[in-house]
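Chemist: Quick note: the sequence shown, position 175, residue 527 per this note's numbering, numbers continuous.
Cβ atoms here follow ideal geometry from the backbone N, Cα and C, with glycine treated the same way.
From a predicted model like this one, the values you see are computed outputs, not experimental measurements.
Could you have a look at this structure, given as structure tokens, before my questions?
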Amino acid sequence: MTEAACRVDRLRLFAFRNYAAETIELGPGLNVIAGRNAQGKTNLLEAVATAALTRSPRAATAADVISWGQAAAHIEAAIHRPAAPVTIDLRLHRSDGSERVGRSISLDGRPRPARSVLGLCPVVLFWPEDLLVVKGAPEARRRLCDVVLAQLEPRTAAEMVRFRRVLEQRNALLRRVRAGEASAAPLAGFTEELVRAGGWVRAARARLVAALQPLAAEGLDVLSDGSERLGLAYAVDGESGETAATDPEAASEALAQTLRRRAGDELARGATLAGPHRDDVVITLDGRPARAAASQGQQRSIVLAWKLAEVRHVAAATGTTPVLLLDDVLSELDGERRRRLLDELGAGRGTQALLTTSAAGGLDLERHGEVRHMSVEAGRVSVTGETPAALAGAAGA
Ligand SMILES: Nc1ncnc2c1ncn2[C@@H]1O[C@H](COP(=O)(O)OP(=O)(O)OP(=O)(O)O)[C@@H](O)[C@H]1O
Ligand SMILES: [Mg+2]
């Protein structure tokens with residue numbers, strides 16, 4: 353890869369999940385994090401993702417990541433980047449007596465808004481839940497897109513927040529109108545804002561899916577035996593027939609038209625019936641919907657191909673190779689497939705990767721550049737071994 357890599361050199365955690373206070377020095381290549389179940393492997397990857405994304409990609413509420421009984425969680429991540437190193441400092445604190453969580457962020461000690469962190473250190477997540485995404489609900493597929501977009505496009509990150517807020521307000525109003533508690537007059541204002549933000553988000557997702565499509569198809573070729581053709585299409589309102597416009601204004605106009613057409617239904621149902629919250633990514637294998645047709649193994653290959661595409665797309669778009677967070681994804685692959693995947697990812701060869709495993713024997717990865725082995729027990733991390741790059745090179749291909 354020609355892009356410069358970004359990596360996390362050091363992570364300090366305080367009252368984050370089951371980490372009371374811990375400092376973790378990560379290697380620049382592969383970091384294999386081994387440990388029995390429930391020791392903190394996933395939590396460690398989550399901490400890296402939370403620092404990079406400014407929120408946890410897996411917690412249902414922000415408060416979930418704060419250690420039980422504690423008032424605040426604190427993550428400090430020392431990032432090595434091509435431009436200049438930077439330290440991200442993220443604190444989440446419970447407000448007195450409520451479930452609300454405040455967030456404060458600083459970069460190199462200076463308070464900054466969340467948006468200035470997004471994209472500083474791009475990450476690509478491989479969560480075990482992702483493996484269910486092919487047959488899962490559309491929401492999971494939309495989320496895959498949004499995690500990428502938030503890191504690549506600051507404007508899209510802001511429009512997603514705006515869209516969520518106006519959707520909630522508009523739905524609340526529609527419910528009150530239906531119940532006869534409010535007039536429909538203020539609806540037009542909400543609709544206008546919804547259409548503007550919604551069109552932006554839709555177009556951004558449609559462009560992303562169009563960019564991922566050829567890369568993912570290529571990825572599936574490499575990972576499987578190359579016999580199936582993978583298709584990805586961003587579908588408006590889940591109807592696979594209608595693809596979304598990739599231009600925000602056209603997407604907004606189309607959404608406005610749909611909402612005008614469905615105005616009566618919306619008042620009857622008390623909900624917003626069209627918009628990016630109802631969209632889907634339609635995945636096909638040889639033109640057939642993968643949702644209905646893909647086998648277990650095919651589903652897994654599709655998701656890995658998608659992730660491979662994400663890595664390539666993020667690297668090309670930012671000029672920075674992302675940090676890879678693979679939670680328990682490798683243990684189910686045989687040695688050959690594991691090697692092929694890591695090779696394709698460039699993992700350990702200029703790309704930092706954190707891999708977790710609960711397999712007793714760990715993962716056989718000695719051919720993959722510099723490998724640091726760590727073990728986690730009850731929120732304490734220790735380095736158990738290291739293969740320096742020179743040695744790995746000699747042992748390798
Ligand atoms: N807010 C919290 N405060 C304290 N502990 C927590 C909190 N949230 C989760 N935990 C605990 O953290 C422990 C480790 O969780 P984690 O998901 O990282 O395990 P893991 O090592 O990945 O295990 P597995 O191999 O089963 O995936 C769990 O036992 C969980 O109960
Ligand atoms: Mg886990």
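Do E722 and P380 have their beta-carbon atoms positioned less than 8 Å apart in this structure?
Modeler: Going by C-beta atoms, P380 is nearer than 8 Å to E722.
Chemist: At which residues does the alpha helix (DSSP H) containing R554 begin and terminate?
Modeler: 539-575 is the span of the alpha helix (DSSP H), which, as asked, contains R554.
Chemist: On the criterion of 16 or more Cβ atoms from any shown chain inside 10 Å, does P434 qualify as buried, or is it exposed?
Modeler: Exposed is the call here.
Chemist: Of the residues E491, I431, E601, E533, which one's Cα is nearest the Cα of P474?
Modeler: With distances taken between Cα atoms, P474 lies closest to I431.
Chemist: When you compare only the Cα positions, how much space is there between T375 and I418?
Modeler: Straight-line Cα distance between these residues: approximately 17 Å.
Chemist: Put G454 into one of helix, strand or coil per three-state DSSP.
Modeler: Strand at G454.
Chemist: What is the DSSP secondary structure of M353, reduced to helix, strand or coil?
Modeler: Residue placement at M353 cannot be trusted, given a pLDDT of 43 that sits under 50; the coordinates are not used to answer.
Chemist: Tell me the DSSP bridge mates of F366?
Modeler: Its beta-bridge partners are A373, H426.
Chemist: Please write down, chain order preserved, every residue whose beta carbon lies under 7 Å from a heavy atom of ligand 2.
Modeler: Spelled out in chain order, the answer is K393, T394, D679, D680, T708.
Chemist: Taking the straight line between their C-alpha atoms, what separation do you get for S576 and L382?
Modeler: About 24 Å.
Chemist: By how many angstroms is the C-alpha of N395 removed from the C-alpha of A372?
Modeler: C-alpha separation (whole angstroms): 12 Å.
Chemist: Measure from the alpha carbon of R352 to the alpha carbon of each residue in E545, L560, G387, E729, then state which is nearest.
Modeler: The chain is shown only over 353 to 749; residue 352 falls outside these bounds and no answer can be derived.
Chemist: Going by C-alpha distance, which of V675, M512, A536, C497 is nearest L525?
Modeler: Among V675, M512, A536, C497, the Cα nearest to that of L525 belongs to A536.
Chemist: Helix, strand or coil for G583 per DSSP?
Modeler: Here G583 sits in strand by DSSP.
Chemist: Who are R359's beta bridge partners in DSSP?
Modeler: H432, per the DSSP bridge assignment.
Chemist: For the beta strand (DSSP E) containing D441, list its first residue and its last residue.
Modeler: From DSSP, the beta strand (DSSP E) with D441 extends over 438-446.
Chemist: With a threshold of 6 Å on Cβ separation, who are the neighbours of A746 within its own chain once the five nearest residues in sequence on each side are excluded?
Modeler: A caution first: A746 carries a pLDDT of 42, below 50, which makes its placement in the model unreliable, though a value can still be read off. Nothing listed; no residue qualifies.
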